[in-house]
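First the structure, in the form of structure tokens, and then the observations on it.
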Amino acid sequence: MGDIPPKRHTQHRRPDGGLYYEELMGEEGFSSDSSLLYHAGIPSALVDASPWELPDQSLTDNRPLLPRHFTLHQLTAADPSTVDVVTGRRLVLGNPDVRISYVVAGAPSPLYRNAVGDECVYVESGTATLETVFGVLPVRTGDYVIVPRATTHRWVPTGPDPLRAYAIEADSHIAPPARYLSRYGQLLEHAPYCERDLHGPTEPLSGEGTDVEILVRHRGGAHGVTGTRYTAPTHPFDVVGWDGCLYPYTFNISDFEPITGRVHQPPPAHQVFEGRNFVVCNFVPRKVDYHPLAVPVPYYHANVDSDEVMFYCGGSYEARKGSGIGQGSVSLHPGGHSHGPQPGAVERSLGAEFFDELAVMVDTFRPLSLGSAGVECEDPGYAWTWSGRGPAR
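According to full-length UniProt numbering, the stretch in the sequence shown is residues 1 to 393, in order.
Structure, rendered in structure tokens:
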């Protein structure tokens, strides 16, 4: 996109004869995907730096070990127009590999860079423009927004309603599952989506100004992550052109083609992305199992190696009827606890041909703890909904 020289690492001159500044953004120390960006200003120039206090990153163990239900819509601020997608995030769940936050925002965010890992932000509702050093990304309801580590960007909500965003912050990279890809990186025929469904920046972006503040989330601090506020002498959105295979993109959940079968398909059939020690799956409206004796809802299962987090963002989730779960709910089913359909759900599902449900699932291979927002919006009765009665206290 934009203006680049015919060969990398060669002189690229401005109209006035001066040089543009080439920057390599690359993964795994020059050994994986990368892009080359050409800046009008020096990308590493700073004039000031100070600590930035992140939103509350404290975590509380899931102890006693329980399945839990969080009602995220309780976390909406009194006036979302004063909240932005970056500084307004509320931590719901987390571990050393991934943190899950929620925010309802109507204000533009500061310039922001996550130097810890990639971000996968699912847009429950609303629209926005994501401004980045790579250009502009339009964002709509149902989009997964993948932002590579260390990409400077800004969220600008658009439209009459606030943006409801479910942020999955990794300490690694987030990518399509390896089994969907050829050895050269092309999405294969059995993958539930293809390159046509991935949408990169649409146009270059030019930012103006001096002494520009950028919030940086990085490693360190008591909770493993901390923040710094940089001041740059010129605006980071000064890229005149770039090329490469590393850049932000969107993928809309409506473009996921569900994999179905005669009998119930296991969760990996619904996988959309993976990071280190976690995967992201989604459950979309689909025809269900067509064996004459099929049981369409999930069987009871013990998460031997993982914690399962489900964000319910549309439709009616058949297996959870009677549990109190609805739009905006998150369930946590931890490793060590067998879980499955609510009482009566199996019988009600027999003969069903279609499920109208929408959910984003994160499975983690290390245990999750509760963030302050999770503690605040927990439904204390959820763990007892399978038995119909709770502890006598």
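Beta carbons: idealized from backbone N, C-alpha and C, even for Gly.
- Contact between the segment 39-56 and the segment 156-173 is absent, with fewer than three C-beta pairs closer than 8 Å.
- Between D84 and W155, the gap from beta carbon to beta carbon is short of 8 Å.
- Judged by DSSP secondary structure, A345 falls within the alpha helix (DSSP H) whose first and last residues are A345 to S349.
- Here T132 is bridged, per DSSP, to G135 and H153.
- By DSSP's assignment, C120 forms a beta bridge with I146 and I168.
- Counting only the Cα atoms, D118 lies some 22 Å from G126.
- Note on geometry: alpha-carbon atoms of M310 and V212 lie some 38 Å from one another.
- Within the DSSP secondary-structure output, Q271 pairs in a beta bridge with C281.
- By the C-beta density criterion, G185 is exposed, having fewer than 16 other C-beta atoms within 10 angstroms.
- Its Cα nearest to that of V92, the residue C377 stands out among C377, W384 and G390.
- Counting only runs of 3+ residues, the beta strand (DSSP E) found wholly inside the segment 24-97 occupies 34-39, 48-51, 68-71 and 90-94, in chain order.
- Residue pairing for I100: DSSP places it in a beta bridge opposite L93 and I168.
- Counting along the chain, the unbroken beta strand (DSSP E) around V360 starts and ends at E357 to T364.
- Residue pairing by DSSP puts I214 in a beta bridge opposite L111 and Y230.
- Bounds of the alpha helix (DSSP H) holding G374 are S372 to E376.
- R68 places its beta carbon 8 Å or farther from that of L293.
- Per the coordinates, the alpha-carbon of E257 lies some 27 Å from the alpha-carbon of L72.
- According to DSSP, residue pairing for H199 in a beta bridge involves T250.
- In the DSSP assignment, M310 falls within the unbroken beta strand (DSSP E) covering D307 to G315.
- For D161, same chain residues with a beta-carbon under 6 Å away, outside a window of 5 residues either side, are G126 in chain order.
- Per DSSP, reduced to three states, the secondary structure at E22 is strand.
- The Cβ-Cβ distance between G94 and L65 does not fall below 8 Å.
- Cβ-Cβ separation between R262 and D289: approximately 6 Å, consistent with a contact (criterion under 8 Å).
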